[in-house]
Ligand SMILES: NC(=O)c1ccc[n+]([C@@H]2O[C@H](COP(=O)([O-])OP(=O)(O)OC[C@H]3O[C@@H](n4cnc5c(N)ncnc54)[C@H](OP(=O)(O)O)[C@@H]3O)[C@@H](O)[C@H]2O)c1
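In this note's numbering, the protein residues as written are 120 to 391.
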């Protein structure tokens, strides 16, 4: 399963996994974009076993419906790529009353992963990959203002959410020790995709101007596909990768107390 499978890194990851012969589920929030990507992934990979599921990661109900729909159709999940993500110039509030960057990038995937964990464990060996960003460096989890009500900027919210991806990965890897399920996270590089383009602010213009210098989504996806499938990485867990290379993430990301507290708060916000 690849979330955000209709565009950029997610779509190319779906093509790569499908080319290897897997059954691939792409999760998309927009029906038209999802159907177009579904046809493209099938055509490019030559694999007919591509399935589209619609869900908005920023809505807890939508994530619950997705997990239910998946479980009613399939009884195995070997690879979960939590890839969907967005950055927003202005603060948006979700249907659950939560800040949207945090929900789309972190809470939705936290909930989805936990809801699918029984199927994933039963499918071991299995792998969970969380797509994060170098933007997590220098970021903090603002437990006193998690929803950016007092102070919001796109980079503050995005950095916090991507740090949450890393902290979640490390805590999840600890909880999964001995189960045959691994959890790793990955910065895909600076990639030419749809990322930040929907935004009407200055950010979208800056991204557009700089984009010729970015790497292609196809190249970025190679690292995701390798982490998802390489036999030599079968027992690697709780690691941060920058492209194909294992790297150290920020000091903040290794703080066990922060990871534990984030898990607790994420549980309260999503599972209660
Ligand atoms: N591009 C970069 O330079 C870069 C660098 C570091 C990390 N990343 C990370 O890489 C991942 C993939 O991004 P990308 O560069 O491939 O950008 P992209 O082309 O914009 O793809 C992002 C995907 O996520 C989907 N998405 C966003 N919010 C969603 C939600 N609430 N529910 C469901 N789907 C949602 C988007 O759907 P729509 O098409 O409907 O918007 C799109 O399919 C993200 O996690 C991003 O943070 C990207």
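Glycine included, each C-beta is placed from N, C-alpha and C at the ideal position.
Any non-hydrogen atom of ligand 1 closer than 7 angstroms to residue i Cβ
{"i": "residue 385", "result": "no"}
{"i": "residue 125", "result": "yes"}
{"i": "residue 148", "result": "yes"}
{"i": "residue 344", "result": "no"}
{"i": "residue 224", "result": "yes"}
{"i": "residue 310", "result": "yes"}
{"i": "residue 121", "result": "no"}
{"i": "residue 179", "result": "no"}
{"i": "residue 303", "result": "no"}
{"i": "residue 257", "result": "no"}
{"i": "residue 221", "result": "no"}
{"i": "residue 151", "result": "no"}
Residue i, DSSP secondary structure in three states
{"i": "residue 225", "result": "helix"}
{"i": "residue 271", "result": "coil"}
{"i": "residue 355", "result": "coil"}
{"i": "residue 259", "result": "coil"}
{"i": "residue 138", "result": "helix"}
{"i": "residue 367", "result": "coil"}
{"i": "residue 360", "result": "strand"}
{"i": "residue 148", "result": "coil"}
{"i": "residue 303", "result": "strand"}
{"i": "residue 335", "result": "strand"}
{"i": "residue 249", "result": "strand"}
{"i": "residue 309", "result": "coil"}
{"i": "residue 122", "result": "strand"}
Expected contact under 8 angstroms - CB spacing of residue i and residue j to nearest Å
{"i": "residue 396", "j": "residue 300", "result": "Nothing can be reported for residue 396: it is not among the residues displayed for the chain, which extend from 120 to 391."}
{"i": "residue 238", "j": "residue 196", "result": "5 angstroms"}
{"i": "residue 121", "j": "residue 202", "result": "6 angstroms"}
{"i": "residue 340", "j": "residue 146", "result": "At roughly 16 angstroms, the Cβ-Cβ gap does not stay under 8 angstroms, so residue 340 and residue 146 are not in contact."}
{"i": "residue 231", "j": "residue 182", "result": "5 angstroms"}
Classification of residue i by the beta-carbon crowding that lies within 10 angstroms, buried from 16 upward
{"i": "residue 272", "result": "exposed"}
{"i": "residue 175", "result": "buried"}
{"i": "residue 307", "result": "buried"}
{"i": "residue 148", "result": "buried"}
{"i": "residue 367", "result": "exposed"}
{"i": "residue 151", "result": "exposed"}
{"i": "residue 287", "result": "buried"}
{"i": "residue 274", "result": "exposed"}
{"i": "residue 387", "result": "exposed"}
{"i": "residue 270", "result": "exposed"}
{"i": "residue 246", "result": "buried"}
{"i": "residue 229", "result": "buried"}
{"i": "residue 219", "result": "buried"}
{"i": "residue 160", "result": "buried"}
Whole alpha helix (DSSP H) runs in the segment 152-221 with 4 or more residues, listed along the chain?
For the segment 152-221, whole alpha helix (DSSP H) runs of length 4 or above, ordered along the chain, are 179-192.
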